[in-house]
Every structure is written in structure tokens, then in C-alpha cells.
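*Asks:* Going by the working numbering, the first residue of the sequence shown is number -1, and it counts up by one from there. For glycine and all other residues, C-beta sits at the position ideal for the given N, C-alpha and C. Sharing a structure with you now.
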Amino acid sequence: MISEEIKRLKEEKDVVILAHYYVDGEVQENADLVGDSYFLAKKATEVTQKNILFCGVSFMGESAKILNPEKRVIMADDLADCPMAHMAEPERIKEVREKYPDVAVVCYVNSTAELKAMSDVCVTSSNAVKVVKGLPNKHIFFIPDEHLGRFVAEKLPEKEFIFNDGFCHVHTSIHKEELLKAKELHPEALVLTHPECKEEILALSDFIGSTSEIISYATESDTKEFLICTEMGVFFELEQKNPGKKFYSVGHRQFCPNMKRITLDKVKEALEKLEPEIHMEEELRQRAKKPLARMLELAE
Ligand code: 13P
Ligand code: SF4
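The following block contains the structure:
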């Protein structure tokens, strides 16, 4: 059985497997730790194994490497990349810094190490409001995701936000018409939404939060039916934790093709070879570490 082989290799090679909620359920089942982006970044600094195998997209593995240079960080598939992570221009960051000398460049962790290195602080969807609220700066340039930026701005009217036009193609492909139809079909269902969705979806939602916050909300709720506005991978944990409850998707495009590149065969192969490993220039790592470390401090 492949699961037994994975377990054996993990122990033999001193590897911990970290996985995001968007990878396939069978991959989640074989991971040591599964969680949202914040949980995974934090756990990466606490694990004791010599090697970390990441089942997720490249920015997640990069964050683990940035925070743990002494560990070998391996990706289950190094072509699994988040398009949004590249959606900000270094030139634009420089322009905004010149125009607003007091600005804080706030970088969603769904970003490349290069973008992090140009930023003042990182955030994830579960800590963004708390972290930005704790900054002394009035002007906030939020990169790369416009939608999460607008969600945070709405909660912090005392700040002045400058937005960037990055987006997640999975979350923005959930449309209002589809959600309205789904609400008609399931009138008792609560709508649980990730803040990477468009404003029109957030406006129709009962709860907005990160993947793990959505899972906790559904698990603690007395309601029995939910419409889920995020990537389908969360259904695995939602159903495991809530056998008596029903979860519905809204459209057919709630599917991140990059997260779904991760398969059990690739996990096994990565364990056998301890490859593909993440390498990063030390100078870039040092610069990218500052905003990530500041996030971990401010989010506590
Ligand atoms: P969270 O797990 O932090 O909610 O992030 C969602 C996401 O899109 C990760 O790619
Ligand atoms: Fe990137 Fe969106 Fe996929 Fe998350 S769901 S990894 S933000 S493309």
C-alpha cells in the first residue's frame, strides 16, 4: 500500500509532511499536519524533523524555507505554482513608496519571495485584519490580492489603502448569479466564504474567513447545511469533521489546478529522492524573512 510506503519513507528519512486544505483528500490523509497558510507557516518553524515535504503551491514551500534555512524543504511538485503570487510589479511598489513615504507595503503570503523581500510585513487571510490594525502606518499598499485588500480595508476605516489588481482565478470565478441560484436551492444553508472572493460574494455571505476558519465555523455551528465559497479541497476536512452536515459548492470552477497537481505518487517519489528541493539565494532569503517574521510576531 502506498500509504504504508509513505509512512516508512517518512520515518526512515526524517521527513514531516505539511499539506494545505486544497490538496486532494488522500494526500491530506497522508500528511502529518494539514492547515491554512498561517498554521502551516507557523508549524514550519516548530517541527523537529530535518526535512519538510510540502504538499501545496510553491509560495508555501518557499515560506517554510525562508523561515528554516537549515532544513531541507522539498516540494511534492515544484511546478505547482499560484498565479496570483506573481501579480504585483516591483516598479509599482517603488512608485507607491515614493508617493507615500509613510506607506507600509503589506504582502499577502500568496506571493513570491521577491515580492515579500520588497514588503514591510506579510499577512495571511486569517491574520490580515489583526496585523494591519497593529501597524503604525496610515497608508497601506496591499499586494498582490485586490479582494483580500478590500476586505481588510472595509474593517479598518482609519487606514488609507492603495490597492493592486492581483486576483485568484479560482475564487473570482465564483459569480453572484450562481450563488443566488444555490441559495434558492438550499434556502436553509449558511454561506461560508474565503476573502479572496469578489465583493458581491462577500456581501451575500454569513461568514468570511480563511480555510481553517471556515472549517471551524461549520464545525461549531448548529446549522446543518452550508454553501462553501472556496476551493473544493476543504470539503474533505468539512465532511470528516461533520458527518451529519451537508456541504454544497456553488459552481464548477472551485478547483485550483495547481493544488491538484499533488498526488500520492509524487509524494512517494519526493520522499524517495528528497527532491525537488527549494534553493534560495541567502541575500533574498534574509530580506524575505523580515516581513514573514514580523507577521508571526504581530499575529500572536
Ligand atoms: P488560507 O488557507 O490561508 O485560507 O489560504 C487560501 C489560499 O488560497 C491558499 O492558496
Ligand atoms: Fe493561488 Fe487561488 Fe490556487 Fe490559492 S486557490 S493557490 S490563491 S490560485
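Who are residue 206's beta bridge partners in DSSP?
*Replies:* DSSP lists 191 as partners of residue 206.
*Asks:* Which residues bound the beta strand (DSSP E) around residue 156?
*Replies:* Run containing residue 156: none; DSSP gives neither H nor E here.
*Asks:* Would DSSP call residue 17 helix, strand or coil?
*Replies:* Strand, per DSSP.
*Asks:* So residue 119 is in the beta strand (DSSP E); what residue range does that whole segment cover?
*Replies:* That run of the beta strand (DSSP E) goes 119 to 121.
*Asks:* Let's test the definition: count the other Cβ atoms within 10 Å of the Cβ of residue 208 and tell me whether it reaches 16, buried, or not, exposed.
*Replies:* Burial call: buried.
*Asks:* Helix, strand or coil for residue 12 per DSSP?
*Replies:* Residue 12: coil per DSSP, three-state reduction.
*Asks:* Alpha carbons only, please: which of 249, 131, 214, 119 is nearest the one belonging to residue 171?
*Replies:* It is 249.
*Asks:* I need the DSSP call for residue 272, collapsed to helix, strand or coil.
*Replies:* Residue state, collapsed to three classes: coil.
*Asks:* Do you know whose CA, among 24, 193, 285, lies nearest residue 61's CA?
*Replies:* Cα-wise, what sits closest to residue 61 is 285.
*Asks:* Check whether the Cβ atoms of residue 55 and residue 265 lie closer than 8 angstroms to each other.
*Replies:* No.
*Asks:* Indicate, with yes or no, if the ligand SF4 has a heavy atom lying under 7 angstroms from the CB of residue 28.
*Replies:* Incorrect: residue 28 has no Cβ contact closer than 7 angstroms to the ligand SF4.
*Asks:* Please say whether residue 82 and residue 142 have beta carbons closer to each other than 8 angstroms?
*Replies:* A contact, by the Cβ cut-off of 8 angstroms.
*Asks:* Do you know whose CA, among 283, 222, 228, lies nearest residue 211's CA?
*Replies:* Out of 283, 222, 228, 228 has the C-alpha closest to the C-alpha of residue 211.
*Asks:* Near residue 110, what residues of its chain come up, given a Cβ to Cβ distance below 7 angstroms and the 5 sequence neighbours on each side ignored?
*Replies:* So the list reads 57, 83, 84, once near-sequence residues are dropped.
*Asks:* Spatial neighbours of residue 31 within its chain, please: CB distance less than 6 angstroms, with the 5 preceding and 5 following residues excluded, ordered by chain position.
*Replies:* For residue 31, where only same-chain residues beyond five positions count, the Cβ hits under 6 angstroms are 16, 41.
*Asks:* Any heavy atom of the ligand 13P within a distance shorter than 7 angstroms of the CB on residue 122?
*Replies:* Yes, Cβ of residue 122 sits closer than 7 angstroms to a heavy atom of the ligand 13P.
*Asks:* Across the region 133 to 150 and the region 90 to 100, are there enough close Cβ pairs to call them in contact, namely three or more that are closer than 8 angstroms?
*Replies:* The answer is yes - the region 90 to 100 touches the region 133 to 150, with three or more Cβ pairs under 8 angstroms.
*Asks:* Determine the direct distance from the alpha carbon of residue 181 to that of residue 52, and round the result to whole angstroms.
*Replies:* Computed Cα separation, rounded: 36 angstroms.
*Asks:* Taking 8 angstroms as the cut-off, does the region 84 to 94 touch the region 120 to 130 (at least 3 CB pairs, one atom from each stretch)?
*Replies:* The region 120 to 130 is not in contact with the region 84 to 94.
*Asks:* What ranges does the alpha helix (DSSP H) occupy inside the region 6 to 91, keeping only unbroken runs of at least 4 residues that lie completely in it?
*Replies:* Within the region 6 to 91, the complete alpha helix (DSSP H) runs of at least 4 residues are 23 to 27, 35 to 42, 56 to 65.
*Asks:* Taking only heavy atoms of the ligand SF4 into account, decide whether any of them is closer than 7 angstroms to the Cβ of residue 55.
*Replies:* Result yes, Cβ under 7 angstroms from the ligand SF4.
*Asks:* Write down the C-beta distance between residue 251 and residue 168 rounded to the nearest angstrom, noting that I regard them as a contact closer than 8 angstroms.
*Replies:* Confirmed, about 7 angstroms.
*Asks:* Could you tell me the distance, in whole angstroms, from the CA atom of residue 201 to the CA atom of residue 241?
*Replies:* Spanning the two alpha carbons is a distance of roughly 29 angstroms.
*Asks:* Could you please give the first and the last residue of the uninterrupted beta strand (DSSP E) stretch that includes residue 245?
*Replies:* Start and end: 244 to 246.
*Asks:* Could you please give me the residues that DSSP links to residue 227 through a beta bridge?
*Replies:* According to DSSP, which records beta bridges pairwise, residue 227 is partnered with 191.
*Asks:* Can you look up residue 253 in the DSSP assignment and give me helix, strand or coil?
*Replies:* Here residue 253 sits in coil by DSSP.
*Asks:* Taking the continuous alpha helix (DSSP H) assigned at residue 233, which residues delimit it?
*Replies:* Looking at the DSSP string, the run of the alpha helix (DSSP H) that includes residue 233 is 232 to 239.
*Asks:* Alpha carbon to alpha carbon, how far is residue 197 from residue 149? Give it in angstroms, no decimals.
*Replies:* Answer to the nearest angstrom: the Cα atoms are 8 angstroms apart.
*Asks:* Distance, Cα to Cα, residue 297 vs residue 129?
*Replies:* Computed Cα separation, rounded: 6 angstroms.
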